[in-house]
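See structure below.
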Amino acid sequence: MRVLGIESSCDETAVALLEDGKTVLSDRVASQDSIHAPYSGVVPELASRQHLRLLPSLFHAVLEDSGILQKQIGLVAVTRGPGLAGCLLAGVSFAKGLAYGLGLPLLGINHIEAHIFSCCFSGKVDYPALALVVSGGHTILVLLPCPGSYRLLGQTRDDAVGEAYDKVATMLGLPFPGGPAMESRAKMARGEGVLGAPFPRPLIGSGDLDFSFSGLKTAVLYRLKSHAGETLGEEGVNEIARGFQEAVIEVLLSKTLTAAKCHGVRCVLLAGGVARNESLRARLGERVSAAGVRLIVPEKKYCSDNAVMVAALAARKYADGERGDATLDIEPGLRLCS
Ligand code: KG4
Ligand code: ZN
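Count along the sequence shown from 1, then add 49; that gives the number in this note's numbering.
Dropping the structure here:
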């Protein structure tokens, strides 16, 4: 069974072809970073137009990479939510046209579930498991009592972690998307300094598993204001990046470990674009293994938005008997669980 996956929920246009649920025949991702960089954030209208432009050529590139003919595809899978409406519509319309034209079955996929499934694709998951999904649009802690079953334990009350990284990066004059730039500047910091003095750890002692990152963003703004008129310099930027990242990672670690212990999980799954962060990967790995739990983090390329995770999850669902139909529609506010 060959599954064609399509992902267009935000600013990455991605198409992939997967065989037998695990062999990647082709994996194409076209980033739109350069289009959105001048605006320091994703512009929905530009993103959806770019998806429309890129999807047909990526599809043909995937066929060419894999040497597979259109008629050899067995299933079309597409992200139907959550995400930006126009972006989702571009992917779902393309997938529907393709499935109808080729007479193929079609499955709609939840983007968050696909991020979590990228961990199942990367290693053997023992249940119960706990997933921490950290991306530009989401920050959630989800319990998986068994495969395919989800219970929401906590989520951000305001900004997603990636969103906070991106906004703080803009304040510091770093390029969009801010996460990678902030991570490398944090690594370069020589010490804490006045500018990098500890930032608040939002909701760390709240007694629940929710997150909040918008106040941390404001704390960075006030730190910058209190040093207005001084030259920040390269080291000043590095120190702030490091101070911000320390606060973020400490909160993520604290809540994840609390949830893992409370629910006696056997695996922790780390997914989403922010899971590319090496410091987060390493430190969560240390803390989790000290608690006798296994951490599964996908390869970096499968942390950010991609279509392999969409195809892989669809292959599993199809094998389990799930079927879609022509009424498939986008759902920008789609939830994974409650
Ligand atoms: O999962 P993703 O590709 O798209 C969404 O579904 O949102 O995540 C993108 C987010 C961006 O906010 C980006 O700044 C962040 O992931 N990110 C990082 C790193 N690489 C990407 N954040 C921190 N450290 C990184 N190395
Ligand atoms: Zn994502």
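No residue lacks a Cβ here, since even glycine has one placed at the ideal position from N, Cα and C.
Over what stretch of residues does the alpha helix (DSSP H) that includes residue i continue unbroken?
i: Glu113; result: 93 to 115
i: Leu137; result: 134 to 151
i: Arg332; result: 327 to 339
By the three-class DSSP mapping on this structure, what secondary structure does residue i have?
i: Asp82; result: helix
i: Cys311; result: helix
i: Val323; result: helix
Apply the 10 Å Cβ neighbour rule to residue i and answer buried if 16 or more other Cβ atoms are within range, or exposed otherwise.
i: Lys216; result: buried
i: Glu279; result: exposed
i: Asp76; result: buried
i: Ala277; result: exposed
i: Pro347; result: buried
i: Ala374; result: In the sequence as presented, Ala is not what sits at residue 374; that position holds Asp. Asp374 is exposed by the Cβ-count criterion.
i: Leu362; result: buried
i: Gly228; result: buried
i: Ala368; result: exposed
i: Glu212; result: buried
i: Met237; result: exposed
i: Pro226; result: buried
i: Thr72; result: exposed
i: Leu103; result: buried
i: Pro251; result: buried
i: Met231; result: buried
i: Thr376; result: exposed
i: Arg234; result: buried
i: Tyr199; result: buried
i: Thr267; result: exposed
i: Asp69; result: exposed
i: Ala96; result: buried
i: Asp82; result: exposed
Along the chain, where does the beta strand (DSSP E) that runs through residue i open and close?
i: Ala178; result: 178 to 183
i: Ala163; result: Counting along the chain, Ala163 falls outside any beta strand (DSSP E), though it belongs to the alpha helix (DSSP H) covering 160 to 171.
i: Val342; result: No beta strand (DSSP E) contains Val342, which DSSP labels as neither H nor E.
i: Ala63; result: 61 to 68
i: Leu53; result: 51 to 56
i: Gly130; result: 124 to 130
Exercise. Which ranges does the alpha helix (DSSP H) cover as unbroken runs of at least 4 residues, wholly within the stretch 253 to 306, from first to last along the chain?
Worked result: 263 to 275
Problem set entry | Completely contained alpha helix (DSSP H) runs for the stretch 186 to 252, where each covers 4 or more residues | 210 to 220, 227 to 237
Exercise. What are the uninterrupted segments assigned as alpha helix (DSSP H) that are 4 or more residues long and contained completely in the stretch 347 to 371, given in chain order?
Worked result: 357 to 368
Exercise. How do the stretch 374 to 382 and the stretch 346 to 364 stand: do at least 3 beta-carbon pairs fall below 8 Å, yes or no?
Worked result: no
Exercise. Is it true that the stretch 280 to 292 meets the stretch 172 to 186, where meeting means three or more beta-carbon pairs spaced less than 8 Å apart?
Worked result: no
Exercise. Per the contact definition of three or more C-beta pairs closer than 8 Å, is the stretch 104 to 111 in contact with the stretch 84 to 96?
Worked result: no
Exercise. Between the stretch 237 to 257 and the stretch 210 to 229, do at least 3 Cβ pairs fall closer than 8 Å?
Worked result: no
For this session: Give a yes or no on contact between the stretch 186 to 199 and the stretch 157 to 169, applying the rule of three or more CB pairs nearer than 8 Å.
Result: yes
Exercise. Does the stretch 328 to 347 touch the stretch 304 to 317, meaning 3 or more C-beta pairs lie closer than 8 Å?
Worked result: yes
Exercise. How about the stretch 50 to 62 and the stretch 123 to 143: do they share at least three Cβ pairs that are nearer than 8 Å?
Worked result: yes
Exercise. Is the stretch 309 to 318 close to the stretch 268 to 275, with three or more CB pairs under 8 Å?
Worked result: no
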